[in-house]
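*Asks:* Counting from 1, one number per residue, gives the positions in the sequence shown under the UniProt record's numbering. The beta carbon of each residue, even a glycine, is placed where N, CA and C say it ideally should be. Below you'll find the structure I mean.
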Amino acid sequence: MAAGIKANDLRELSDEGLVEKLREAKAELFNLRVQSATGQLDNHGRLQIIRRDIARIYTIMRERELGLSAAPDAVAEVA
């Protein structure tokens with residue numbers, strides 16, 4: 001079973017890294033949707049995995065906005 005990105009792995013990324021992962025995931029989701037519409041998609045479960053990855057990224061970004069967690073580089077500056 002193909003697994004998505006783990007939340008702990010995402011929390012280790014900087015803000016720029018999160019934005020890049022989000023951009024990649026959205027591009028992959030677009031490609032999967034095109035494949036699905038044309039009947040070329042073999043693994044329909046991958047759509048759900050990518051959507052969940054995008055939600056995880058948005059959740060971590062929002063946590064950082066609210067100050068519930070900090071980016072790894074921000075933690076290093078405080079210490």
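Helix, strand or coil for aspartate 9 per DSSP?
*Replies:* helix
*Asks:* Just the Cα atoms here: how many angstroms apart are glutamate 12 and serine 69?
*Replies:* 11 angstroms
*Asks:* Which first and last residues belong to the alpha helix (DSSP H) in which alanine 55 is found?
*Replies:* 45–66
*Asks:* Taking the alpha-carbon positions, what's the threonine 59 to alanine 71 distance?
*Replies:* 13 angstroms
*Asks:* In angstroms with no decimal places, state the Cα-to-Cα distance between methionine 61 and leucine 18.
*Replies:* 8 angstroms
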